[in-house]
Amino acid sequence: MTVFSKLLFGAMHVKSYDWAATPHDDVQLQGSRLAKVKADAILTTPCEASVLYPEDGGNMHRFTAQNACAVLDVLGPPYDDGSGRHCQYYNASSYSVGKMFLTGDSMSIPGGDRYDFLEEREPPQDFYLVGSTYMGPRILDH
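What follows is the structure, encoded as structure tokens:
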């Protein structure tokens, strides 16, 4: 799915990932899979909207409020368990493997890229997602 995100007010930390591309995509550790860090920053309003694509741009992401804030996420197509588009949750961990080096809470591979290991987990019990169907005009590609 493609995700359009816009911070409406306040400040939040965003950390986003894409699955690591070859040759590192086969690196796994105890059920975790290697993911490349795409963004690790604090956003404050006003700021630009971001677009996260299915295979690039940090589609797996974590938002952490820095103060009272709101973010609008528009997903296309939306989550749908029946169609195989599940909302998944991950724990992020860092380990030293081969030529990777621990830098803070992420891995670094020579060349400047940063990586974490992501392990799928159960959804948080205190998280509530409110969805709504888009009822506006049809959106067309040009």
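Here our numbering = 1-based position in the sequence shown + 20.
Note that beta-carbon positions come from the ideal geometry of N, C-alpha and C, so glycine has one too.
All values reported here derive from a predicted model rather than from experimental measurement.
How big is the Cα-Cα spacing for residue i and residue j?
i: residue 52; j: residue 113; result: 8 Å
i: residue 57; j: residue 37; result: 5 Å
i: residue 156; j: residue 97; result: 15 Å
i: residue 34; j: residue 67; result: 13 Å
i: residue 62; j: residue 105; result: 28 Å
i: residue 158; j: residue 81; result: 27 Å
Take the Cβ of residue i as the centre, count every other Cβ of all protein chains shown within 10 Å, and call the residue buried at 16 or more, exposed below.
i: residue 32; result: buried
i: residue 40; result: buried
i: residue 79; result: buried
i: residue 150; result: exposed
i: residue 160; result: exposed
Does the CB of residue i have a neighbour CB from chain C at under 8 Å?
i: residue 97; result: The structure shown contains no chain C, having only a single protein chain.
Spatial neighbours of residue i within its chain, please: CB distance less than 7 Å, with the 5 preceding and 5 following residues excluded, ordered by chain position.
i: residue 69; result: 24, 25 and 26
i: residue 108; result: 140
i: residue 89; result: 27, 29, 30, 31 and 32
Cutting at 6 Å between CB atoms, please list the residues of its own chain near residue i, excluding the five before and the five after it.
i: residue 65; result: 27 and 29
i: residue 94; result: 24
i: residue 85; result: 32
When you compare the CB positions of residue i and residue j, do they come within less than 8 Å of one another, or not?
i: residue 55; j: residue 136; result: yes
i: residue 141; j: residue 99; result: no
i: residue 83; j: residue 91; result: yes
Find the nearest neighbour of residue i within the set the options, judged by alpha-carbon distance.
i: residue 76; options: 91, 22, 152 and 61; result: 22
Closer than 8 Å by C-beta to residue i: which residues in its own chain qualify, once you throw out the five before and the five after it? Chain order, please.
i: residue 74; result: 21 and 22
i: residue 144; result: 109
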